[in-house]
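In the working numbering, each residue's number is its place in the sequence shown (first place is 1) plus 53. Backbone N, C-alpha and C define an ideal beta-carbon position, used for all residues, glycine too. Bear in mind that the values here come from a model prediction, so they are computed numbers and not experimental data.
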Amino acid sequence: MIAVVSNDYHVPFCDKGCVDLACRLVEELKPDLNIIAGDFFDTYPISRFDKRPFSHRTLDDEVDKGAPILERQSKAAVKTVMLGGNHEFRIVKWIYKFEGVFSLLGHAAEDAVKKLSPEKIFKLARHGVAWKDYGQGVNLGDLHVTHGESCGTNTSQANIRKYRTSILTGHNHRRELKCHASHAGQIESWTNGCLCALNPEYGTGVPDWQHALAVVMYNKNGTFTVHQLPVQRERSGKPYVMFGRDRISA
């Protein structure tokens with residue numbers, strides 16, 4: 054079986070060429086499972102950070118910009134699942150922040166709170182996309198795929214200590230691989246880069262981030278192989294990846 058894993062689009066702050074490339078990869082491979090491993094949406098309007106004047110004021114903009122990407126990928130894959138990331142989890146934290154207001158309304162507010170879940174707000178069912186809450190993941194054989202919580206240098210090593218199994222995460226926006234051997238076998242830990250723009254408004258210079266995708270071949274007996282595909286660019290700036298001898302372009 055085959056799975057495509059992509060993450061950290063941060064719609065609407067994504068790299069449009071890389072997003073198109075991710076869609077092309079899914080369309081070419083028609084995977085059994087297409088995993089969007091967290092932070093697909095940025096949820097900028099409800100961020101606790103300072104925002105630019107006249108910037109995005111509601112989540113509707115992100116819903117509208119994310120819809121064609123989800124539609125395109127879900128049509129090409131047998132199944133598509135989105136894993137919640139810390140950015141989608143902002144919605145849950147926002148609800149917790151106003152817990153007192155909702156609680157005062159009593160049972161009448163329960164249905165309203167259910168409609169405020171990320172799955173409902175981003176209209177994932179409309180695109181045939183399954184949802185897993187932040188912190189949950191998917192197993193591809195003996196490989197666990199989740200969004201992750203660690204970032205910074207040596208994140209792949211930190212994930213080995215945290216999860217104690219072979220793991221593929223996003224969140225870090227960097228490509229890393231760390232292997233750990235023991236008498237019980239080998240554990241491998243990847244962080245999968247990102248598909249967002251590399252010029253965040255809150256920083257200066259060039260962040261130490263890399264664009265990448267992953268293809269995982271896996272079997273029910275637990276075996277798996279991870280092919281991490283760093284995004285490369287032609288002189289024109291057009292992005293592409295190499296999967297074996299095949300060159301897949303945006």
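**Study point:** One or two residues paired with M295 in a DSSP bridge
**Key:** R300
Practice item. Could you tell me the distance, in whole angstroms, from the CA atom of V182 to the CA atom of D195? Key: 23 Å
**Study point:** DSSP three-state assignment for A90, whether helix, strand or coil
**Key:** coil
Review point. Between which two residues does the beta strand (DSSP E) containing F277 stretch?
Key: 277-283
**Study point:** Spatial neighbours of E241 in its chain, beta-carbon cut-off 6 Å, leaving aside the 5 residues before and after
**Key:** S219, C232
Review point. On the premise that N60 lies in contact with H200, defined as a C-beta separation below 8 Å, what is that separation, rounded to the nearest angstrom?
Key: 7 Å
Exercise for review: Report buried or exposed for L177, applying the criterion of at least 16 other Cβ atoms within 10 angstroms of its Cβ.
Suggested key: buried
**Study point:** Beta-carbon proximity of E80 to F94, cut-off 8 Å
**Key:** no
Check your understanding: Counting along the chain, where does the beta strand (DSSP E) carrying Q126 start and finish?
Key -> Looking at the DSSP string, Q126 is not in any beta strand (DSSP E); the run it does join, the alpha helix (DSSP H), is 113-129.
Practice item. Leaving out five residues on either side along the sequence, give the residues of the same chain with a beta carbon under 6 Å from the beta carbon of C247. Key: D61, H226, W262
**Study point:** Limits of the unbroken alpha helix (DSSP H) element including S209
**Key:** 208-216
Point to revise | Sequence-distant residues of the same chain with beta carbon closer than 8 Å to H264, five excluded per side | key: D68, C71, G246, C247, L248, L251, P283, V284, P292
Practice item. Can you give me the start and stop residues for the beta strand (DSSP E) that L82 sits inside? Key: From DSSP, L82 is part of no beta strand (DSSP E) but of the alpha helix (DSSP H) over 69-82.
Review point. Comparing alpha-carbon positions, which option in P253, H280, L193 lies nearest N274?
Key: L193
Check your understanding: Per DSSP, what kind of secondary structure is R288 in: helix, strand or coil?
Key -> coil
Review point. What residue does the beta strand (DSSP E) around I174 start on, and which one ends it?
Key: Here I174 belongs to no beta strand (DSSP E); instead the alpha helix (DSSP H) covers 171-174.
**Study point:** Given R143 as reference, the closest of D186, K132, N272 once Cα atoms are compared
**Key:** D186
**Study point:** Same chain, Cβ closer than 6 Å to Q210, neighbours up to 5 away in sequence not counted
**Key:** K231
Review point. For the candidate residues G190, Q281, S289, whose alpha-carbon lies nearest to that of M295?
Key: Q281
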